[in-house]
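Per the numbering used here, the sequence shown starts with residue 22, numbered consecutively. All residues carry an ideal CB built from backbone N, CA and C; glycine is no exception. Only a predicted model underlies this, so the values are computations on that prediction, with no experimental measurement involved.
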Amino acid sequence: MKHPRAIHIFSAIVLCTINGYGEPSPARHELHPLSDPSPVMLDVKPADKTGTPSDGMFRITQVVNPATRCAKSRFVPSNGFWDCRTKLWILLDVVNHGQLPVLVRGGIRNTASSKSSESDGAIEVPPTERRILPILLVHQIPKQEEDRLAKQFGELRGLPGGHQNTQWQQVNTEALNVLNLEFFSEEEQIDCSVSGLRAVVDFKLPDPEDPFGRGISPVDRFGQERLHDWLSKIKTEADIQAVRRQEGAWMRQHPPLADRTTYGGWKSGPRLEKTGYFYSTKKDGKWWLVDPEGYLFWSLGITGVGSSGTKTRTPGLQQMLEGVPDGELSPKDFPSLNGNYWDPYQTNLLRKYGTEWKDLNIEVAHARLHAWGINTLGNWSDSDVCSARKTPYVTAIHYVRATLQNNPIKYGSDLPDVFHPQFKDKTFQRMREEIPETASDPWCIGYFIDNELGFPHAGSPATQSLAAPESCHSRQEFIRQLQERYGDLEKLNKAWNSEFGSWSGLKPAGSEKTTMAYREDIQRFSEQYLRTYYGTCRDAVKAAAPQKLYLGSRINHVGNTTALRVCAEYADIVSINLYKYTPDTFKIPEGWDKPILIGEFHFGTVTEQGVWGAGLATGMDLEHSASLFQSYVQAALRNPMIVGAHWFQMKDQPLTGRSDGENYRIGFLNVADIPYYEMISLSRKTAESMYNMRNKSPK
């Protein structure tokens, strides 16, 4: 996930009415999948022999693959397809007849559409119990509707009414024809029943003429959505102080976990060599981190801790701030207020703590993490929070350098031009800047360099180099090597089955069938590119901070085993961003023996506190998201390779979006700096048993 540093923008003019605050309603949000009293039942049959029908249920008993901890089943419509254009959710009842919990993931798609992806969801089902598996349908909509919504809402990811503008997740809901089920369990065989496949909750796009009403911003002066009420919604500044006192009482009842070292390591566990810095080790067949005092450490983290990253642009801001009651903040007091740009989260911190809000928020941030059982500040956390030296942290390294597109870039996924003569010097220079800041800080675990680089396939570095401008040094180096290998262009054309008229005209092959020689050349140069990149980064880290861990580049294309394998040759720990419902979906490359850190995961909602964006993996509500958090972390703890998992992110994104339009309800805190108690309670409960679970898990 990207973390733009630029001003956060909501580019469209969205209008809405004030619906009145009224009394909080205990009723479910109208988008909640269990709020629909009239579900549309879908006919279904098994596509394989794994489901045995009986009284409308399908009993699935199947051996679990020990390598993946997964069993699979597949269902299709009894006749034709499922037309779910008018519905937002798919639900399925699941009963677990086994003795251990089962995480059930469902994915629904239209296999006949080349542009259709897969909408998915998951639920953990305890032994002998029944649960409802929810799948949020991310609708593929007509081009004219896409254009219309883009004019109204810009790049906003989540829209009022539940539509998600994330095209890589969208499905053709007009003709869904496959439901794939995956059962993840520690048992040797799963035994589950499924039934009641149904579509629920009416799906409607925002009204093209009048999405909300006329003349008023979609958010109130506290940054909250206007049209819904909830129990903790802020109405006055006095409410902010009331919820502050409520959280204070919770914190007093939940002091930091007793069985922890200064750094959050396992005080009751075995003690290894004390080095004064973090390092990794393999003990009893499982990888661990070791804290500076020599105690075993497993990194349970949250990213984005601090007050930054919440700036947005809200239409009608000045109108919204008119008539602020006497005694409350006036518009001139709002942090970052500039035209229609503002930072509602920071403004609420100012309301909460006064002019000393920055320092107080840092102090509270660490106290919160310790009460929640969190022992690591994840990526994108503010430097002043990290430098307080109260919670271990990881640090991201970014810097301006040339890319394969020949554009200088500091943030983003563009691949660097690693054969540029200045690439090594710039990388080493950037790391030298950490010497006075973090290189000798025992609280610093180590460094990521870059984030989610754009190599979705094993051959991406080579194909992108060939597609780059002629001035790109990586392109020049690839062509030089091809000239050395083939001697003349005619031999290359014969080997590649191509018709290039000059070396300068070389381009990557299209979708047509490629030759073995072409694929080998692409793979060879891609591996050389990756070794040059990861080797340079590793050397730069060790030159500037030899005691710190090099954590790789936060690989999100985890199907690219070439990138994973090469990164593992150089990184101390391979970092991946894994937005799946369980880390058991990650297929560890054959022969792999390197620790893994999950740098990002989360489970958003569209049914809480009026926030529209569902995130990259979705729960039906906060209780469900918290349960998925616990299940995900526990699966990571059972994996002997994984040494930590970090939730993205500390606080919700602004309702009206950051610069790239992300507006996900994914935080442990809302825009008013109020914790989601469902999340923090299960976080603490998970952390309480974390080290014993890790220690007792099989190798």
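Item                                                                                                                                                                       : Value
Please return the same chain residues whose Cβ sits closer than 6 Å to the Cβ of VAL421, not counting the five positions on each side in sequence.                         : PRO429 and LYS431
Just list the alpha helix (DSSP H) runs in the segment 84 to 159, keeping only unbroken ones of 4 residues or longer that don't cross its boundaries, in chain order.      : none
Using the rule of at least 16 other Cβ atoms within 10 Å of the residue's Cβ for burial, across every protein chain shown, is SER320 buried or exposed?                    : buried
Which of the three DSSP states, helix, strand or coil, is assigned to MET798?                                                                                              : Here the chain has residues from 22 to 720 only, and residue 798 is not among them.
In the segment 368 to 423, which residue ranges form an unbroken beta strand (DSSP E) of at least 3 residues, counting only runs that do not cross its ends?               : 414 to 418
At which residues does the alpha helix (DSSP H) containing ILE701 begin and terminate?                                                                                     : 698 to 709
What would DSSP say about ILE663, mapped onto helix, strand or coil?                                                                                                       : strand
Of the residues ASP614, ASP212, PRO482 and MET537, which one's Cα is nearest the Cα of THR553?                                                                             : PRO482
Cutting at 7 Å between CB atoms, please list the residues of its own chain near HIS478, excluding the five before and the five after it.                                   : ASN581
Quick check: the Cα distance between ALA220 and TRP110, rounded to an integer number of angstroms?                                                                         : 6 Å
Report the residue from ARG715, ALA693 and HIS578 whose alpha carbon sits nearest the alpha carbon of SER253.                                                              : ALA693
Between THR606, PHE607 and PRO675, which has its C-alpha nearest GLY636's C-alpha?                                                                                         : PRO675
Alpha carbon to alpha carbon, how far is GLN443 from GLY142? Give it in angstroms, no decimals.                                                                            : 45 Å
Would you call the segment 94 to 114 in contact with the segment 142 to 159, where contact means no fewer than 3 C-beta pairs closer than 8 Å?                             : yes
Could you give the distance in angstroms between the alpha-carbon of GLU491 and the alpha-carbon of THR424?                                                                : 13 Å
So, for SER649: in the same chain, excluding its five sequence neighbours on each side, which residues have a beta-carbon less than 6 Å away from its beta-carbon?         : Going by the sequence as given, residue 649 is Leu instead of Ser. Around LEU649: PHE624 and GLY640.
Could you check which residue in LEU317, LEU342, ASP312 and GLN191 has the C-alpha nearest to that of THR368?                                                              : LEU342
What's the gap between the Cα of PRO148 and the Cα of ILE323?                                                                                                              : 30 Å
Using the rule of at least 16 other Cβ atoms within 10 Å of the residue's Cβ for burial, across every protein chain shown, is ARG151 buried or exposed?                    : exposed
Who are the near neighbours of GLU139 in its chain, counting only those whose CB is closer than 6 Å to its CB and skipping five residues on each side?                     : GLY128 and ARG130
Under the three-state reduction of DSSP, which class applies to GLU203: helix, strand or coil?                                                                             : strand
Express the C-alpha separation of ALA386 and SER59 in angstroms, rounding to a whole number.                                                                               : 44 Å
Mapping the DSSP letters down to three states, classify SER596 as helix, strand or coil.                                                                                   : strand
Suppose the cutoff is 6 Å on Cβ atoms and the five residues either side in sequence are ignored; what does the same chain contact list for VAL595 look like?               : GLY573, CYS588, ALA589, LYS615 and ILE617
GLN426 to VAL439, Cα distance in whole Å?                                                                                                                                  : 12 Å
Which residues in the same chain have their Cβ closer than 7 Å to the Cβ of GLN485, if we skip the five residues on either side of it in sequence?                         : LEU425 and LEU436
By the DSSP assignment, the alpha helix (DSSP H) with GLY269 in it spans what residues?                                                                                    : 258 to 274
Measuring only between beta-carbons, confirm whether GLU491 sits less than 8 Å from chain D.                                                                               : In the displayed structure, chain D is absent; only one protein chain is listed.
Excluding the 5 residues preceding and the 5 following GLN502 in the sequence, name in chain order all residues of the same chain whose CB lies nearer than 7 Å to its CB. : PHE546
CB PRO182 to CB PRO227, shorter than 8 Å?                                                                                                                                  : Checking the sequence shown, residue 182 turns out to be Gly, not Pro. Cβ distance < 8 Å, so GLY182 and PRO227 count as in contact.
Would you kindly work out how many angstroms separate the C-alpha atoms of GLY526 and ASP69, rounded to a whole number?                                                    : 50 Å
Check whether the segment 91 to 99 touches the segment 199 to 217, taking contact to mean three or more Cβ pairs, one atom from each stretch, closer than 8 Å.             : yes
Roughly how many angstroms separate the alpha carbons of GLY330 and ALA392, rounded to a whole number?                                                                     : 23 Å
So, at 6 Å on beta carbons, what are the nonlocal neighbours of SER56 in its own chain, with the 5 sequence-adjacent residues on each side left out?                       : ARG49
Taking Cβ positions, are TRP464 and ARG410 nearer each other than 8 Å?                                                                                                     : yes
How would you label ARG496, buried or exposed, when you count the other beta carbons within 10 angstroms and need 16 or more for buried?                                   : buried
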